[in-house]
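For the sequence shown, position 5 matches number 141 in my numbering, and the numbering has no gaps at all.
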Amino acid sequence: MKSAKAEAHGQTPAGHEPQPRMVTVLIMGKRHTVPEHATIMRAIEYAGHQIIRGAGCREGFCGACGTIYRLPGDYKIHTGLACTTLVKEGMSLTQVPAVPMEKAIYDLEKLTPDVTTIQQLYPVVFRCVACNTCSKACPQGLKTMDYIQAAMRGDIAMIMDLSFDCVACGLCALRCPAEIVQHKVGILGRRLYGRYLSKHSQHLDDRIDEMHAGKFDAEYATLMSMAKDELSKLYYARDIEA
Ligand code: FES
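Take a look at the structure:
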């Protein structure tokens, strides 16, 4: 049997796997004991919940898992992605399945890359009071308020640049006291930039021509026939651009 001291340090007798230390968290108001090094998402699952919505990539890219939480002795509401934020002792948390909003519907071909488009589609932008709450809420650490200010000036290139790593979790919009939908404005800015302002890329044209000519068909067929484990191994062994 494991000694009380060994147990306190997460140790087990030789030949046994060390037991993880546990922390107590409140998930949607209910107390659970979960492993210390679990992400919020793992902790929710460890506690017995099945995440049907609110999870996608599980790697911090898709923005499906926006979460708000409080910590003991701290009045603030914190924000994070459930798949990349680790639990902490006493954390009280809940995932936000979606942030309600009115999404502008537009035909990109009929827009101009300037402030008139922002005025037409997202006039709410001009309610910005420059409090920076959106930037503080961003789990990606983006300068969200700065790209909203750029939107007010019609600086589409700046919106694109500052919002490029947005995962559209919507936590900025959730916290904004002016009720702006920052992430949607970022998407609009990136679309306008891509359609009207980005430099022509011969390299991209060449690659698309190669795809249409079937240059990668055999490679696609191989990938499509691979088992999930095999595909996963290949994915994590890939060369990633610096
Ligand atoms: S599940 Fe995709 S960002 Fe968390």
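Quick reminder that beta carbons are idealized off the backbone N, C-alpha and C, glycines included.
CB contact flag (residue i, residue j, <9 Å)
i    : j    : result
I284 : P249 : no
L298 : K279 : yes
K307 : I254 : This sequence places Leu at residue 307; Lys is not what is there. Not a contact, by the Cβ cut-off of 9 Å.
I295 : A304 : no
T221 : L310 : no
P275 : G202 : yes
L333 : L244 : no
G165 : T230 : yes
R194 : M227 : no
C219 : T160 : no
E102 : M158 : Since the first and last residues shown for the chain are 137 and 378, residue 102 lies out of range.
T269 : C302 : no
E225 : P236 : no
M288 : V251 : yes
F300 : R263 : no
First and last residue of the uninterrupted alpha helix (DSSP H) at residue i
i    : result
K369 : 364–372
Q318 : 318–328
V103 : The shown model of the chain, from 137 to 378, leaves out residue 103, and the question about it has no answer.
T269 : 269–273
I292 : 292–299
C308 : 307–311
One or two residues paired with residue i in a DSSP bridge
i    : result
H152 : Its beta-bridge partners do not exist; DSSP assigns none.
M158 : P171
T222 : Per the sequence shown, the amino acid found at residue 222 is Leu instead of Thr. The partner list for L222 (beta bridge, DSSP) reads T175.
K166 : I163
Residue span of the beta strand (DSSP E) that contains residue i, given as start and end
i    : result
H336 : Per DSSP, H336 belongs to no beta strand (DSSP E) and is neither H nor E.
I204 : 202–206
Q231 : 228–231
L217 : 214–217
Buried versus exposed, by CB contacts within 10 Å (16 or more), residue i
i    : result
V223 : buried
M360 : exposed
V170 : buried
L267 : For clarity, residue 267 is Cys in the given sequence; the question names Leu instead. So C267 ends up on the exposed side.
M362 : exposed
L217 : buried
Y258 : buried
A179 : buried
M177 : buried
M281 : buried
I344 : exposed
Query raised in the report: Is the stretch 226–246 touching the stretch 313–331 in the sense that three or more CB pairs, one from each, lie closer than 8 Å?
Result: yes
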